[in-house]
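Going by the numbering used here, the letters in the sequence shown line up with residues 1 to 434, in that order.
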Amino acid sequence: MMTYQEAEAFLFEQLPMFQRVGSAAYKKDLHNTIELLKYLNNPHEKTRYIHVAGTNGKGSTSSFLASALKEAGYKTGLYTSPHLKSFTERMRINGLPIPESRVIQYVEKFKPIIESLKPSFFELTTAMAFDYFAEEKVDIAVIEVGMGGRLDCTNIINPELSIITQIGLDHQQFLGDTVEEITKEKAGIIKEKTPIITSVNENELRLIIKSIADSKGAPYNDASKYYDISTIEETIPHWKCRANSLKNDLSIDFELGMSASYQLQNLKSVFTAIDILNEQNYSISEQHIKDGLKNVIVNSGIKGRWQRISNDYNKAKIIADTGHNYAAFEHLIKMIDKEEKEKLHFVFASVNDKKLDEVLSILPKNACYYFTQAKIPRALEASILKNKASEYDLLGERYSSIEEAYEAAKKNASDKDLIFVGGSTFAVAEIPEL
Numbered sequence: 001m002m003t004y005q006e007a008e009a010f011l012f013e014q015l016p017m018f019q020r021v022g023s024a025a026y027k028k029d030l031h032n033t034i035e036l037l038k039y040l041n042n043p044h045e046k047t048r049y050i051h052v053a054g055t056n057g058k059g060s061t062s063s064f065l066a067s068a069l070k071e072a073g074y075k076t077g078l079y080t081s082p083h084l085k086s087f088t089e090r091m092r093i094n095g096l097p098i099p100e101s102r103v104i105q106y107v108e109k110f111k112p113i114i115e116s117l118k119p120s121f122f123e124l125t126t127a128m129a130f131d132y133f134a135e136e137k138v139d140i141a142v143i144e145v146g147m148g149g150r151l152d153c154t155n156i157i158n159p160e161l162s163i164i165t166q167i168g169l170d171h172q173q174f175l176g177d178t179v180e181e182i183t184k185e186k187a188g189i190i191k192e193k194t195p196i197i198t199s200v201n202e203n204e205l206r207l208i209i210k211s212i213a214d215s216k217g218a219p220y221n222d223a224s225k226y227y228d229i230s231t232i233e234e235t236i237p238h239w240k241c242r243a244n245s246l247k248n249d250l251s252i253d254f255e256l257g258m259s260a261s262y263q264l265q266n267l268k269s270v271f272t273a274i275d276i277l278n279e280q281n282y283s284i285s286e287q288h289i290k291d292g293l294k295n296v297i298v299n300s301g302i303k304g305r306w307q308r309i310s311n312d313y314n315k316a317k318i319i320a321d322t323g324h325n326y327a328a329f330e331h332l333i334k335m336i337d338k339e340e341k342e343k344l345h346f347v348f349a350s351v352n353d354k355k356l357d358e359v360l361s362i363l364p365k366n367a368c369y370y371f372t373q374a375k376i377p378r379a380l381e382a383s384i385l386k387n388k389a390s391e392y393d394l395l396g397e398r399y400s401s402i403e404e405a406y407e408a409a410k411k412n413a414s415d416k417d418l419i420f421v422g423g424s425t426f427a428v429a430e431i432p433e434l
């Protein structure tokens, strides 16, 4: 039998993986997914699901929900992507990653069909997750869409409810050049007569989602009309927050385990989803919600969301975030501005298929930049990134690896400075302390 390292290498090297190689891994239909699931006797039909799509916030929203469900006593599956450190992070049950031994078994199981079907990495891992959750008899699984919605291979399921989080410009080469086109793709997860929740801010995008929901007889829920979420005190490590119900004037005070201003909009969908689940005879109490939101990192394994790597008073503060598009950076820059610091050291990387101009145009010009690249074929070369950034008066040095850039930032920063690592999920993934 192969080792886990051999199994992981097979998955990464033999199957086209979007996060690493980009468009070569993208499949525009569900054919391979359908065939893979047939091969496994359709395990996706044996489990209850929550389906979550969106440009930003879908991983956090999925993790919050999975954490609350776990606290309520449900055996809860969670499927997210990409992983940061280990492939096993992608599929979890009650926060625990799939055992390495099971990954080996699945790779051996899939080998006969891989040769003939030639699935992508994401198609195979999605089928693996559905089979794993079915074999383990989870009570419910929260499934994060990989990209888009309509043609995403997770869109084979019939969920208890669906959620669309924030929408912005990302992956335009696949999903469309406007937010309206992208919204229609995301809304492709809406199923007949299945509740759809959205926390989208823009009214014109909400109208698109509502129109598609109405055409399918799917109950439409605008989370912003149901809940208002606010901060009471921005303490470290957990913010103190309040959720006010706009339906019945009730409120819940809670501690937020992923403390970031951009999470407040995501939480509107989380609270609305829990209300709908309770209407469907789930039993998730106020205490379960409080515990789920506070313990979200332990219960879901999520990393890289405004994560404080170091808050030692004798060293520079270090914060990392996987946000990588314009909409994400609008929030991140506001949060960076609020942090007390003498100087900002920005470890910055990107990928070669992103439209960078919008992001670069809003990045702080008074920071010291460390331009670098992740260890993936899709990485944008650090020299190209540095030259492009200089057009926007963003100045700094080039480094050949994330580790080299990160160590340089730590060496140069004083104990009153802030080091921020971002621009790419894969940059954050290579931080040693993560």
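Positions of the beta carbon are idealized from the N, C-alpha and C atoms, including for glycine. Bear in mind the structure is a predicted one, so any value in this text is a computation, not a measurement.
Suppose you measure from the CA of residue i to the CA of residue j; what does that come to, to the nearest Å?
{"i": "residue 111", "j": "residue 154", "result": "21 angstroms"}
{"i": "residue 23", "j": "residue 244", "result": "Legend: pLDDT at residue 23 = 46, less than 50; position of this residue unreliable, no value from coordinates given."}
{"i": "residue 424", "j": "residue 351", "result": "7 angstroms"}
{"i": "residue 186", "j": "residue 32", "result": "20 angstroms"}
{"i": "residue 385", "j": "residue 394", "result": "10 angstroms"}
{"i": "residue 215", "j": "residue 6", "result": "48 angstroms"}
{"i": "residue 142", "j": "residue 160", "result": "10 angstroms"}
{"i": "residue 295", "j": "residue 302", "result": "11 angstroms"}
{"i": "residue 410", "j": "residue 377", "result": "26 angstroms"}
{"i": "residue 3", "j": "residue 139", "result": "31 angstroms"}
{"i": "residue 74", "j": "residue 60", "result": "19 angstroms"}
{"i": "residue 415", "j": "residue 337", "result": "17 angstroms"}
{"i": "residue 120", "j": "residue 80", "result": "16 angstroms"}
{"i": "residue 403", "j": "residue 412", "result": "14 angstroms"}
{"i": "residue 335", "j": "residue 35", "result": "45 angstroms"}
{"i": "residue 108", "j": "residue 233", "result": "51 angstroms"}
{"i": "residue 192", "j": "residue 283", "result": "25 angstroms"}
{"i": "residue 266", "j": "residue 57", "result": "6 angstroms"}
{"i": "residue 397", "j": "residue 369", "result": "7 angstroms"}
{"i": "residue 179", "j": "residue 434", "result": "33 angstroms"}
{"i": "residue 250", "j": "residue 275", "result": "13 angstroms"}
{"i": "residue 380", "j": "residue 29", "result": "28 angstroms"}
{"i": "residue 240", "j": "residue 260", "result": "11 angstroms"}
{"i": "residue 318", "j": "residue 285", "result": "35 angstroms"}
For residue i, count neighbouring Cβ atoms within 10 angstroms of its own Cβ and tell me buried if that reaches 16, exposed if not.
{"i": "residue 102", "result": "buried"}
{"i": "residue 258", "result": "buried"}
{"i": "residue 417", "result": "buried"}
{"i": "residue 12", "result": "exposed"}
{"i": "residue 9", "result": "exposed"}
{"i": "residue 288", "result": "buried"}
{"i": "residue 475", "result": "The chain is shown from 1 up to 434; residue 475 falls before or after that span and cannot be answered."}
{"i": "residue 203", "result": "exposed"}
{"i": "residue 355", "result": "exposed"}
{"i": "residue 235", "result": "exposed"}
Tell me whether residue i sits in a helix, a strand or coil according to DSSP, three-state version.
{"i": "residue 89", "result": "helix"}
{"i": "residue 357", "result": "helix"}
{"i": "residue 261", "result": "coil"}
{"i": "residue 351", "result": "strand"}
{"i": "residue 70", "result": "helix"}
{"i": "residue 231", "result": "strand"}
{"i": "residue 278", "result": "helix"}
{"i": "residue 56", "result": "strand"}
{"i": "residue 255", "result": "strand"}
{"i": "residue 238", "result": "coil"}
{"i": "residue 49", "result": "strand"}
{"i": "residue 120", "result": "coil"}
{"i": "residue 157", "result": "coil"}
{"i": "residue 267", "result": "helix"}
Pull up the DSSP beta-bridge partners for residue i, would you.
{"i": "residue 79", "result": "91, 143"}
{"i": "residue 97", "result": "92"}
{"i": "residue 125", "result": "None, per the DSSP bridge assignment."}
{"i": "residue 166", "result": "56"}
{"i": "residue 7", "result": "Partner(s): none; residue 7 has no beta bridge."}
{"i": "residue 319", "result": "308, 420"}
How would you write the range of the alpha helix (DSSP H) that residue i sits in, first residue to last?
{"i": "residue 115", "result": "100-117"}
{"i": "residue 337", "result": "326-338"}
{"i": "residue 429", "result": "425-429"}
{"i": "residue 307", "result": "Premise fails: residue 307 lies in the beta strand (DSSP E), 307-310, not in any alpha helix (DSSP H)."}
{"i": "residue 382", "result": "382-390"}
What residue range does the beta strand (DSSP E) around residue i cover?
{"i": "residue 396", "result": "396-398"}
{"i": "residue 206", "result": "Taken as a continuous stretch (DSSP letters only), residue 206 belongs to no beta strand (DSSP E), being part of the alpha helix (DSSP H) at 203-215."}
{"i": "residue 370", "result": "368-371"}
{"i": "residue 297", "result": "It is not in any beta strand (DSSP E) - residue 297 instead sits in the alpha helix (DSSP H) that spans 296-300."}
{"i": "residue 33", "result": "Element bounds for residue 33: not the beta strand (DSSP E) but the alpha helix (DSSP H), 31-39."}
{"i": "residue 183", "result": "Taken as a continuous stretch (DSSP letters only), residue 183 belongs to no beta strand (DSSP E), being part of the alpha helix (DSSP H) at 179-186."}
{"i": "residue 406", "result": "Unbroken run through residue 406 is the alpha helix (DSSP H), 402-412; no beta strand (DSSP E)."}
{"i": "residue 220", "result": "220-222"}
{"i": "residue 198", "result": "196-198"}
{"i": "residue 421", "result": "418-422"}
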